[in-house]
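Residue numbers (this note's numbering): 12 to 544.
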């Protein structure tokens with residue numbers, strides 16, 4: 012497919028003519044997730060979707076631990092939860108299970124060294140005053156606090172239970188996400204996209220032809236005219252989406268460059284492998300610190316995905332692998348991944364949009380690239396330009412897309428940095444060079460402001476494009492040991508006394524305990540709901 016040279020027409024009105032072709036470059040999970048969403052939303056429009064699958068691309072992660080937002084993404088695609096759980100051999104996720112290596116929390120509260128960080132609010136407003144202020148007053152009075160008791164998902168997760176939310180009548184928030192097998196999910200998205208008309212071609216990109224439609228000094232004026240596969244096949248498009256592992260288009264061809272975050276997030280390597288499931292897998296993603304970083308584990312229906320994340324400045328690959336002491340079966344499943352913490356300087360340049368690994372990486376503590384890909388493609392569809400994209404220098408949709416992505420990545424960066432900052436706030440959780448370094452590590456200014464404001468007042472600043480709600484931040488801070496020094500003094504003004512708050516705590520915790528007890532075991536639910544074996 013050949014395209015005529017693009018003429019520089021910089022200030023005419025948009026044509027409102029739909030794009031002819033969108034080409035997604037990459038393969039595996041991210042590329043086919045993007046293609047499936049585009050094919051679904053652009054079904055029965057003139058716009059064609061094609062995937063260029065690169066040869067010799069790195070393998071995907073073994074699995075993905077998601078956020079509750081994935082439910083909306085699947086509803087956009089018209090997919091049911093039962094279908095997805097069966098196809099991907101997935102499990103449910105009620106909380107992130109933070110396992111702490113010492114008894115710091117136990118010494119301050121009645122909470123054990125395991126904190127189940129649910130994706131729903133903890134507690135409820137009491138007498139028009141936010142729950143955290145009642146908790147803070149009680150804690151300052153020496154009352155032991157176990158946060159896990161004040162969230163239905165957290166309580167259920169701790170008991171190994173799961174049930175679809177039927178607690179609405181009790182006014183108890185209940186959000187959940189899922190764990191999926193990445194290979195199975197990618198295959199499902201590929202099949203789904205092709206049924207909706209998406210096409211694909213396999214080859215190695217041998218050349219990228221670009222054209223400038225304006226100032227040579229403005230990167231936004233450089234557009235991709237075509238890509239060449241195997242030195243023979245030329246593919247053109249109105250819009251290219253770079254989902255390659257090494258930013259083949261956005262950086263290697265368009266030379267956009269990256270913003271480096273490795274000072275904030277030092278874990279740049281991981282070892283991933285699978286092991287047999289424990290008899291009763293919890294509906295949690297487990298995170299705990301290791302000598303040079305952290306471990307992340309979650310169950311699928313037939314196996315457990317294990318990820319050992321570490322800093323190459325503090326541990327070699329050989330040392331990391333030796334520390335795991337894997338048996339021969341686990342060793343056969345091992346994959347090694349390198350991923351520097353960074354993002355592209357501009358997510359959308361000319362007629363090329365970077366998503367997934369091509370856009371960078373902020374790690375996998377909470378919002379992995381899988382979540383960011385879903386967010387990005389939905390945002391792109393909302394702001395999708397017409398065919399005049401390749402005729403004008405100015406593109407308001409592109410400017411807005413870049414602004415929104417930058418804000419989103421900044422908030423996710425804060426959240427991922429918070430794990431290291433909170434665990435090493437007073438002392439290293441593990442006496443190792445890596446964690447001792449974290450006690451002095453840099454934090455983004457926005458995170459430092461958030462932590463200081465919360466510690467002084469129990470309140471949060473408002474930032475645009477928060478991936479995580481204020482309630483999620485609140486429970487993360489409290490659960491990992493950052494408590495406010497003050498509580499809302501209105502608690503001391505009215506007739507409310509401490510015992511009233513404590514009675515309300517016990518009433519709520521009792522109701523949560525009663526409902527969670529009646530839920531089926533997580534795996535029994537999977538067997539009943541989607542035929543897990």
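Positions of the beta carbon are idealized from the N, C-alpha and C atoms, including for glycine. In this text the structure is predicted, and so the values were computed from the model without any measurement.
- Message: Please identify the residue among 50, 372, 66 whose C-alpha is closest to the C-alpha of residue 59.
- Response: Along the chain shown, one-based indexing puts residue 59 at 48. If we check each option's Cα against that of residue 59, 50 comes out closest.
- Item | Closest by C-alpha distance to residue 186, when choosing among 147, 386, 131, 353 | In the chain shown, counting from the first residue as 1, residue 186 sits at position 175. If we check each option's Cα against that of residue 186, 131 comes out closest.
- Task: Would you list the residues sitting across from residue 239 in a DSSP beta bridge?
- Result: Within the chain shown, residue 239 is the residue found at index 228, counting from 1. Answer by DSSP bridge pairing, in chain order: 218, 245.
- Runs of alpha helix (DSSP H) lying entirely within the region 79-143, each at least 4 residues, in chain order: 81-88, 92-99, 115-119
- Query: Assuming residue 161 and residue 519 make a contact with CB atoms under 8 Å, what is their CB distance in whole Å?
  - Reply: Taking the first residue of the chain shown as 1, we reach residue 161 at position 150. Taking the first residue of the chain shown as 1, we reach residue 519 at position 508. Going by Cβ atoms, the distance from residue 161 to residue 519 rounds to 6 Å, so yes, they are a contact pair.
- Message: Using the Cβ count rule (16 or more neighbours within 10 Å means buried), how would you classify residue 320?
- Response: Sequence index remark: in the chain shown, residue 320 carries index 309 (1-based). Burial call: buried.
- Message: Does the structure place the region 426-445 close enough to the region 482-499 that three or more beta carbon pairs sit under 8 Å?
- Response: yes
- Message: What does the alpha-carbon distance come out to for the pair residue 241 and residue 300?
- Response: Here residue 241 is taken as the residue at index 230 of the chain shown, counted from 1. Here residue 300 is taken as the residue at index 289 of the chain shown, counted from 1. About 45 Å.
- Message: Just verifying my parser: in three-state terms, what is the DSSP assignment at residue 537?
- Response: Indexing the chain shown from 1 puts residue 537 at position 526. Residue 537 falls in the helix class under three-state DSSP.
- Message: Are the CB atoms of residue 378 and residue 479 within a distance shorter than 9 Å?
- Response: The residue given as residue 479 occupies position 468 in the chain shown. The residue given as residue 378 occupies position 367 in the chain shown. Yes, these two residues count as a Cβ contact at 9 Å.
- Message: Judging by CA-CA distance, which residue of 103, 273, 146 is the nearest neighbour of residue 351?
- Response: Your numbering for residue 351 matches position 340 in the chain shown. When only C-alpha atoms are compared, the closest one is 273.
- Just how far apart, CA to CA, sit residue 526 and residue 212? As a working mapping, residue 526 is identified with position 515 in the chain shown. As a working mapping, residue 212 is identified with position 201 in the chain shown. Going by the C-alpha atoms only, they are around 52 Å apart.
- Message: Contact defined as beta carbons within less than 8 Å: I believe residue 368 pairs with residue 109. What is the distance between those atoms, to the nearest angstrom?
- Response: The residue labelled residue 368 in the question sits at position 357 within the chain shown. The residue labelled residue 109 in the question sits at position 98 within the chain shown. Contact doesn't hold; Cβ gap of about 26 Å is too wide.
- Message: Less than 9 Å between the C-beta atoms of residue 127 and residue 165, yes or no?
- Response: Counting from 1 along the chain shown, the entry for residue 127 is found at position 116. Counting from 1 along the chain shown, the entry for residue 165 is found at position 154. Yes, the pair counts as a contact, with Cβ atoms nearer than the cut-off.
- Query: Helix, strand or coil for residue 439 per DSSP?
  - Reply: Here residue 439 refers to the residue found at position 428 of the chain shown. Looking at residue 439 - three-state DSSP - the assignment turns out to be coil, as it is neither helix nor strand.
- Query: Taking DSSP as the reference, what is the three-state secondary structure of residue 379?
  - Reply: By 1-based counting over the chain shown, the position of residue 379 is 368. Looking at residue 379 - three-state DSSP - the assignment turns out to be coil, as it is neither helix nor strand.
- Message: Looking at the strands, I want to know which residues DSSP matches up with residue 349.
- Response: For the purposes of this step, residue 349 is identified with residue 338 of the chain shown, where counting begins at 1. DSSP, once it has assigned bridges, lists 280 as partnering residue 349.
- Query: Looking at C-beta atoms only, is the number of pairs between the region 338-345 and the region 395-406 that lie closer than 8 Å three or more?
  - Reply: no
- Message: Considering only DSSP beta bridges, list what residue 192 is partnered with.
- Response: Sequence index remark: in the chain shown, residue 192 carries index 181 (1-based). BP columns for residue 192 point to 74.
- Query: Hey, would you say residue 362 sits closer than 9 Å to residue 251, going by beta carbons?
  - Reply: The residue you call residue 362 lines up with position 351 of the chain shown. The residue you call residue 251 lines up with position 240 of the chain shown. Yes; because the gap between Cβ atoms is below 9 Å, this pair is in contact.
- Message: So, with DSSP's three-state summary, where would you put residue 470?
- Response: The sequence position of residue 470 within the chain shown is 459, counting from 1. Residue 470 falls in the coil class under three-state DSSP.
- Using only alpha-carbon positions, find the residue among 200, 48, 134, 483 that is nearest to residue 107. Counting from 1 along the chain shown, the entry for residue 107 is found at position 96. Per the Cα distances, 483.
- Tell me, to the nearest whole angstrom, how far the beta carbon of residue 385 is from that of residue 44; I am working on the premise that it is less than 8 Å. As a working mapping, residue 385 is identified with position 374 in the chain shown. As a working mapping, residue 44 is identified with position 33 in the chain shown. At roughly 7 Å, the Cβ-Cβ gap stays under 8 Å, so residue 385 and residue 44 are in contact.
- Determine the closest residue to residue 496 out of 172, 124, 36, 469, with distance taken between C-alpha atoms. Numbered from its first residue, the chain shown carries residue 496 at position 485. Out of 172, 124, 36, 469, 469 has the C-alpha closest to the C-alpha of residue 496.
- Item | Span separating the alpha-carbon of residue 452 from that of residue 28 | Reading the chain shown from its first residue, position 441 is the one you call residue 452. Reading the chain shown from its first residue, position 17 is the one you call residue 28. Those two C-alpha atoms are separated by around 51 Å.
- Message: Taking the alpha helix (DSSP H) that residue 417 belongs to, which residues open and close that run?
- Response: In the chain shown, counting from the first residue as 1, residue 417 sits at position 406. Taken as a continuous stretch (DSSP letters only), the alpha helix (DSSP H) holding residue 417 covers 407-434.
- With distances taken between CB atoms, is the gap from residue 195 to residue 100 smaller than 9 Å? Here residue 195 refers to the residue found at position 184 when the chain shown is read from its first residue. Here residue 100 refers to the residue found at position 89 when the chain shown is read from its first residue. Yes, the pair counts as a contact, with Cβ atoms nearer than the cut-off.
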